[in-house]
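Peer 1:
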Amino acid sequence: MGTAQPLIAAGDDDARAAETLLVARAQSGDTRAYDALVSLHLRRVVAIARSIVRNPADADDLAQEAFVKAYRHLPRFRVGEPFAPWIHRIVTNLALDMQKHRTRFPHEPLGEQAPAARRDDADAAAVGGEIARRIAAALDELPDMQRLVARLHLVEEFEHAEIAAMTGLSEGTIRSHLSLARKKLKERLADLYDHD
310 MGTAQPLIAA
320 GDDDARAAET
330 LLVARAQSGD
340 TRAYDALVSL
350 HLRRVVAIAR
360 SIVRNPADAD
370 DLAQEAFVKA
380 YRHLPRFRVG
390 EPFAPWIHRI
400 VTNLALDMQK
410 HRTRFPHEPL
420 GEQAPAARRD
430 DADAAAVGGE
440 IARRIAAALD
450 ELPDMQRLVA
460 RLHLVEEFEH
470 AEIAAMTGLS
480 EGTIRSHLSL
490 ARKKLKERLA
500 DLYDHD
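Just add 309 to the spot in the sequence shown (first one is 1) and you have the numbering used here.
1. Residue ranges of each alpha helix (DSSP H) run of no fewer than 4 residues wholly in the segment 465-501, ordered along the chain?
2. Can you tell me the Cα-Cα spacing of residue 448 and residue 338, whole angstroms?
3. Specify whether the segment 365-376 and the segment 478-488 touch according to this definition: at least 3 beta carbon pairs, one from each stretch, less than 8 Å apart.
4. Mapping DSSP to helix, strand and coil, what is residue 390?
5. Report buried or exposed for residue 471, applying the criterion of at least 16 other Cβ atoms within 10 angstroms of its Cβ.
6. Under a Cβ-count criterion, where at least 16 other Cβ atoms within 10 Å of its own Cβ denotes burial, should residue 352 be classed as buried or exposed?
7. Candidates 329, 354, 469 and 465: which alpha carbon is nearest residue 388's?
8. Taking the alpha carbon of residue 325 as the point to measure from, which residue in 334, 402, 391 and 345 has its own alpha carbon closest?
9. Taking the straight line between their C-alpha atoms, what separation do you get for residue 458 and residue 333?
10. Is it buried or exposed for residue 382, if we count other Cβ within 10 angstroms and need 16 for buried?
11. Among 487, 452, 450 and 451, which residue has its Cα nearest to the Cα of residue 468?
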């Protein structure tokens, strides 16, 4: 009967080294290590999914699907590479696939989804009322890739390089989409910029 080994070695202050250790341990079958990786990244993965699909239940499902997919492909993951960009790219691709499917096969929301939509409206009202709703609506009106890049950068506060890693686009393309999105947002929300 042995003592339980800690998930992260004592004195290991370097987050990347700790993450590398967790990945290596998860690859060798340590499910606690993979659970720790999930715990480290879950909030951000759900936020990425929600910024794309705009539905909390779908975002939770996509996050779960992303972590399952990552777990299945973990043996091929190169130890030493950062885990975050990899899991972010997986969830981004899954969410974009869901959006493409919705565009091709639009459907009416189920009755149980309506309360979640109303909760989102209530949250927006509590946070910023009419201004928050107008900003959210303006974001929703952007073309798909501009909307994705704008949400990831302006709302979720990802850096250009992180968004590039998630989407497979170059940083220059990310900056271009962001610039176009900002211009369109400024046009649609011009009255918010007037201080006269």
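All residues carry an ideal CB built from backbone N, CA and C; glycine is no exception.
Peer 2: This is what the structure holds:
1. 469-476 and 480-497
2. The residue given as residue 448 occupies position 139 in the sequence shown. The residue given as residue 338 occupies position 29 in the sequence shown. Rounded to the nearest angstrom, the two C-alpha atoms are 42 Å apart.
3. no
4. As a working note, residue 390 is residue 81 in the sequence shown. Reduced to three states, the DSSP call for residue 390 is strand.
5. Within the sequence shown, numbered from 1, the residue matching residue 471 stands at position 162. Looking at its Cβ environment, which holds 16 or more other Cβ atoms inside 10 Å, residue 471 is buried.
6. In the sequence shown, the residue the question calls residue 352 occupies position 43. Under this definition residue 352 is an exposed residue.
7. If you number the sequence shown from 1, residue 388 lands on position 79. Cα-wise, what sits closest to residue 388 is 329.
8. Taking the sequence shown and counting its residues from 1, one reaches residue 325 at position 16. Per the Cα distances, 391.
9. In the sequence shown, the residue the question calls residue 458 occupies position 149. In the sequence shown, the residue the question calls residue 333 occupies position 24. Computed Cα separation, rounded: 32 Å.
10. As a working note, residue 382 is residue 73 in the sequence shown. So residue 382 counts as exposed.
11. Position 159 of the sequence shown, counted from the first residue, corresponds to residue 468. Out of 487, 452, 450 and 451, 487 has the C-alpha closest to the C-alpha of residue 468.
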